[in-house]
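Engineer: Chains as they are written, first to last, in my numbering: chain A, 342 to 651; chain B, 342 to 651; chain C, 342 to 651; chain D, 342 to 651.
Virtual Cβ for every residue (Gly too), placed ideally from N, Cα, C.
Note that the structure is predicted; figures quoted are calculated from it, not measured.
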């Protein structure tokens with residue numbers, strides 16, 4: 342596995358097309374696109390990594406996975422009355438389907454749905470308390486108290502969050518927001534501003550991997566269901582393509598990070614800031630495609646045998 | 342496994358809500374909703390079944406899986422220039438996204454995409470030849486020469502195919518149809534009219550299961566990719582829900598059949614004519630949910646261990 | 342004319358179906374639907390009225406006409422780089438087309454376009470100054486210093502303005518908002534809260550009527566163009582129907598008021614709080630249809646002759 | 342008037358930007374863009390013309406006006422149960438709104454609506470009979486038996502009519518087509534293939550002008566209503582702009598012709614084959630804008646006085 346990750350990091354380093362760094366969050370616009378890191382936390386407890394796996398980055402939308410787990414922990418299946426479970430077929434901040442469907446976002450991984458998720462785990466508490474709880478969840482998952490929120494990024498994001506404000510007010514107009522818009526947006530932007538290294542993110546993703554040595558933060562059934570949502574909705578309107586090419590549940594963020602789960606085997610984190618046209622990490626996606634090919638870990642192929650790669 | 346299938350068949354038989362039989366194909370409108378069959382063809386060669394597993398039914402859109410395999414065999418990845426790989430987020434015969442995307446259907450499992458698939462495997466040949474080839478593929482997959490097309494159903498379908506004619510002409514207006522519209526529609530409606538029993542369909546689905554005893558009709562990589570498409574797009578705008586609840590790749594048809602693949606383990610076919618609001622078999626979906634829960638075969642959970650069910 | 346207005350008022354009074362009063366602005370929800378007023382300010386200076394023509398009501402979206410004139414006075418045709426001139430084909434607060442067209446609202450009479458209008462006349466000034474200027478414009482047009490803003494209605498509207506906040510943030514995300522969202526929304530809701538009687542509104546509409554005795558607040562060309570916009574876009578997705586049935590430029594408001602212009606002849610105001618399914622005054626629309634039939638003032642018929650009605 | 346038309350023709354001749362000739366109908370693609378004709382048939386019986394006013398051209402969608410009058414003559418207001426009266430806000434052959442509105446086209450001047458119109462006047466008769474009746478109507482309106490259909494253009498159009506076939510089948514899938522699709526399309530393409538000169542078209546448009554010397558083919562009320570539809574829907578998604586700039590009811594065709602009505606005054610026809618981005622004649626639109634400015638005939642300005650231009 343170590344050798345595989347190093348090969349992948351080397352291939353990425355020599356790829357001349359790094360994709361384009363997102364510019365709409367001013368604080369992130371200056372990130373160096375020549376960075377690439379990858380880490381894998383195995384079900385047996387071992388952790389491997391290569392490249393810039395210890396450089397912290399903004400996890401952005403990858404945070405939606407942790408937020409969803411937290412919100413489901415709060416209200417359980419009642420959440421599904423406020424948000425759907427279907428791929429949206431449209432870009433991450435589209436309002437089109439929201440209008441067709443009376444304010445029920447398609448799924449919790451597009452922005453509208455994630456705002457409902459944030460509103461759900463906010464419940465009656467203050468943003469500070471809610472974010473504290475989110476951090477505790479992530480730190481417990483990663484077994485690492487060093488994970489924190491980058492306040493500067495969060496504020497930079499909040500200052501340019503017109504599209505998300507628009508979605509939140511739109512949801513509110515259908516009665517699908519409970520806390521005040523400002524609270525929800527403040528919390529949401531801080532959630533997106535969580536910073537981790539690949540190694541930390543791979544560790545934090547272990548709660549989605551079945552296994553005795555994995556942190557038991559959610560039930561096996563919920564684990565499977567979150568993985569299913571990551572598979573069908575984790576990459577916006579590029580979800581089908583990721584499933585086709587990689588074949589593992591994954592959630593990407595505009596900061597260039599991707600968290601991928603190999604059920605029963607490992608949690609993998611990859612990061613490179615340049616994005617492809619879908620808004621997902623270009624080198625990260627390509628790396629995961631190579632990873633899946635080499636390991637045979639696509640959930641759509643043989644479920645046993647190939648994993649001698651380790 | 343035999344016991345499990347029988348339990349599931351019994352539960353289905355006592356469920357008072359059978360869903361609603363589709364009425365838009367006159368020839369199918371009169372089907373008795375009180376029928377339920379299930380069959381599983383295992384990777385080790387054994388076959389189990391329960392209920393009305395030997396009653397033939399119209400596979401309808403399940404045929405899109407075989408048609409896709411055939412078309413990919415013809416033109417390979419060139420096919421992806423004419424059709425996408427993303428869930429549509431909309432109902433099976435919607436034109437909305439087609440307009441947004443210049444005549445490239447979202448995926449090969451919505452009707453517009455399936456028309457492109459049919460046009461692809463038609464290529465230069467006559468409908469008769471093309472359908473002959475499709476039947477040969479299905480019979481080889483199922484190891485059963487008794488599989489045929491119900492001519493009456495095909496004609497009934499063709500006579501009421503205005504929406505599909507509309508989609509085909511729409512595609513043609515973007516240059517995304519090669520054969521004549523009448524040929525494509527005639528072939529497509531006959532393809533939908535293929536008739537099988539649950540046992541035959543489970544057998545025919547084995548080409549999507551990795552295993553030494555399975556028919557090697559497509560490469561391992563293509564197998565994984567077709568499974569990925571079934572997972573993200575196999576149930577129209579209910580695909581996310583099926584992934585969430587069942588967690589296995591599946592393709593449904595309006596005749597009430599569903600083909601489900603457990604990679605490396607089995608091909609499962611279930612059938613009951615009453616549909617849920619998404620247009621997928623109601624009892625069939627519920628049966629597969631129970632099946633997944635009992636077997637632990639969700640691809641999103643543990644990849645080994647649970648399968649002692651057999 | 343006096344006789345005609347009285348006949349129309351009598352017919353309205355006896356109509357059992359008054360339409361439904363809008364409920365989404367709490368302060369207006371309690372309005373008595375049994376009210377009906379009509380007034381006509383003629384090009385020769387005479388004014389006629391009947392029914393509840395001296396009861397003040399909330400002009401709501403009728404204010405968009407005055408706001409547009411004011412904004413055009415500020416920036417001239419430069420305004421048309423920020424807003425279009427086409428009917429939207431969709432309801433008044435839809436975001437669908439906004440997404441298709443990169444944040445350029447279809448026309449200044451749907452809410453998104455009106456927010457751009459407000460942002461335009463706000464320019465660098467404070468909401469208080471801008472609203473003062475708007476009131477001066479309306480008072481000058483109506484030759485009546487008694488016209489004011491109902492502060493309670495404005496605040497009630499602001500408190501439930503999620504949909505409009507959503508549109509404003511959406512526009513801002515495309516760079517099509519200059520002032521702060523809060524300023525624009527505050528100003529917009531106060532603009533909608535202008536209160537007039539039918540008599541006052543008919544007087545205020547005279548600046549859109551060509552004639553020596555009419556207030557010359559805009560050029561003849563601008564007058565024609567505003568009238569054209571009222572014809573094609575003045576009644577949301579009921580604009581075509583109003584043109585078909587009435588044949589005069591008109592602008593409706595959710596408070597039940599309609600301002601109608603007969604070019605060269607008169608400005609007519611009608612009011613009744615109950616709405617039809619398009620969100621336009623039900624009795625008001627029917628009254629204007631009868632008015633047009635009796636007077637022959639449709640712009641699509643003979644331009645001279647019939648007006649002996651006076 | 343003669344002098345005005347000649348000035349306008351001269352201006353057009355010297356304009357370097359002629360727009361782009363439509364290429365999707367092969368038979369029309371080769372038309373010389375340097376042609377420009379204009380003609381006006383006055384309410385008092387006089388006819389003026391300038392430029393290439395005697396060159397026949399394909400009226401294409403201008404035919405929708407005559408077809409609508411014929412269909413209304415057949416079934417009266419019952420027609421409005423099958424087609425709406427609202428501007429579509431979208432391009433002429435869009436299916437988007439058709440899907441939203443269950444197969445009821447927005448208005449009779451977009452293609453979907455015109456197909457319903459054709460189906461309506463076809464009724465039980467053969468295409469030959471129906472087209473004969475349409476030609477009789479047009480010839481009576483123009484007082485000219487020399488008007489005919491260009492068979493070559495009609496066939497060229499039919500051979501590339503995929504989008505219109507798509508719309509017709511779509512309508513049929515909602516039960517909004519009565520005759521067979523092939524009959525409707527054949528009739529529709531021949532209707533579009535009617536050929537006239539500007540002089541003939543101006544004459545034919547007189548039935549929409551109120552006046553003693555005008556042909557009385559429809560009632561005054563129907564005349565006004567057809568004019569209203571031309572104003573709000575006559576130029577597809579450029580209708581608002583035409584109303585804004587010209588201020589008279591008009592209907593354009595992709596062949597470069599525009600029929601404009603000045604109620605009570607004149608019927609005007611202008612033709613130049615190059616189109617603007619909306620698909621309307623570029624020089625024709627500009628000519629009508631100049632014409633409206635010079636004559637003051639916008640229906641949105643003074644209804645009397647200016648017409649001394651004659």
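#1: Which class does residue 403 of chain C belong to by DSSP, given the choice of helix, strand or coil?
#2: State yes or no: is the C-beta of residue 532 of chain C within less than 8 Å of the C-beta of residue 475 of chain C?
#3: Alpha helix (DSSP H) containing residue 457 of chain B: first to last residue?
#4: Between C:351, C:615 and C:605, which has its C-alpha nearest residue 370 of chain C's C-alpha?
#5: May I ask you to report which of helix, strand or coil DSSP gives residue 427 of chain D?
#6: According to DSSP, is residue 392 of chain A part of a helix, a strand, or is it coil?
#7: Under a three-way DSSP split, which group does residue 525 of chain A fall into?
#8: Assuming residue 463 of chain B and residue 408 of chain B make a contact with CB atoms under 8 Å, what is their CB distance in whole Å?
#9: Could you spell out the range, first to last residue, of the beta strand (DSSP E) harbouring residue 378 of chain A?
#10: Hey, is residue 641 of chain A's beta-carbon within less than 8 Å of any beta-carbon in chain B?
#11: Does any C-beta atom of chain D lie closer than 8 Å to the C-beta of residue 361 of chain C?
#12: Flag this pair as yes or no: are the beta carbons of residue 556 of chain B and residue 482 of chain B separated by less than 8 Å?
#13: Can you have a look at residue 423 of chain D and say buried or exposed, based on whether 16 or more other CB atoms are within 10 angstroms of its CB?
#14: What does residue 503 of chain A reach in chain C if we use C-beta pairs closer than 9 Å?
#15: Looking only at DSSP bridge pairs, what is residue 545 of chain B linked to?
#16: Over what stretch of residues does the alpha helix (DSSP H) that includes residue 561 of chain C continue unbroken?
#17: Relative to the C-alpha of residue 578 of chain C, which residue among D:478, D:442 and D:466 is closest?
#18: Quick check on residue 360 of chain D: buried or exposed, where buried means 16 or more other Cβ atoms within 10 Å of its Cβ?
#19: Over the uninterrupted alpha helix (DSSP H) stretch that includes residue 494 of chain B, give me the two end residues.
#20: Would you please verify whether the beta carbon of residue 574 of chain B is less than 8 Å from any beta carbon of chain A?
#21: Does any residue of chain C have a CB that is nearer than 8 Å to the CB of residue 634 of chain A?
#22: What residues in the segment 462–492 of chain D bring their beta carbon closer than 8 Å to a beta carbon of chain C?
#23: Determine the contact status of residue 453 of chain A and residue 503 of chain C, defining contact as a CB-CB distance below 8 Å.
#24: Residue 506 of chain A versus chain C: which residues are under 7 Å apart at the beta carbon?
#25: Quick one, are the C-beta atoms of residue 420 of chain B and residue 459 of chain B less than 8 Å apart?
#26: Which bits of chain B does residue 618 of chain A rub up against, with CB to CB less than 9 Å?
#27: Looking only at C-alpha atoms, which of C:618, C:545 and C:378 sits nearest to residue 607 of chain C?
#28: What is the C-beta distance between residue 589 of chain B and residue 611 of chain B, in whole angstroms, given that I count them as a contact (C-beta under 8 Å)?
#29: Between the C-alpha atoms of residue 594 of chain A and residue 346 of chain A, what's the straight-line distance to the nearest angstrom?
#30: So what's residue 554 of chain B in DSSP terms, helix, strand or just coil?
#31: Does the Cβ of residue 387 of chain D have 16 or more other Cβ atoms within 10 Å, making it buried, or fewer, making it exposed?
#32: Would you please state the rounded distance, in angstroms, between the beta carbons of residue 524 of chain D and residue 468 of chain D? I believe it to be under 8 Å.
#33: Among D:427, D:414, D:623 and D:560, whose alpha-carbon lies nearest the alpha-carbon of residue 575 of chain D?
#34: Just to confirm, are residue 599 of chain D and residue 605 of chain D a CB contact at a threshold of 8 Å?
#35: Could you give the residue range of the beta strand (DSSP E) that holds residue 610 of chain A?
#36: Taking all protein chains shown into account, do 16 or more other C-beta atoms lie within 10 angstroms of the C-beta of residue 511 of chain A, making it buried, or fewer, making it exposed?
Structural biologist: This is what the structure holds:
#1: When DSSP states are grouped into helix, strand and coil, residue 403 of chain C belongs to the helix group.
#2: yes
#3: Where residue 457 of chain B is concerned, the enclosing alpha helix (DSSP H) stretches over 452–463.
#4: C:615
#5: coil
#6: Residue 392 of chain A falls in the strand class under three-state DSSP.
#7: helix
#8: Actually they do not touch by this definition, with Cβ atoms about 10 Å apart.
#9: 378–383
#10: Yes, residue 641 of chain A counts as interfacial toward chain B.
#11: Judged by the 8 Å Cβ criterion, residue 361 of chain C is not in contact with chain D.
#12: yes
#13: buried
#14: Those are 509, 510, 511, 512, 513, 514, 515, 518 and 522, listed as they occur along chain C.
#15: Paired residue(s): none; residue 545 of chain B is not in a bridge.
#16: 561–574
#17: D:442
#18: Burial call: buried.
#19: 492–500
#20: yes
#21: no
#22: none
#23: The Cβ-Cβ distance between residue 453 of chain A and residue 503 of chain C does not fall below 8 Å.
#24: 510
#25: The Cβ atoms of residue 420 of chain B and residue 459 of chain B do not sit closer than 8 Å to each other.
#26: Result: empty, since nearest Cβ-Cβ is about 13 Å, beyond 9 Å.
#27: C:545
#28: About 11 Å; that fails the 8 Å criterion.
#29: 21 Å
#30: coil
#31: exposed
#32: 6 Å
#33: D:427
#34: Not a contact, by the Cβ cut-off of 8 Å.
#35: Counting along the chain, the beta strand (DSSP E) containing residue 610 of chain A begins and ends at 607–612.
#36: buried
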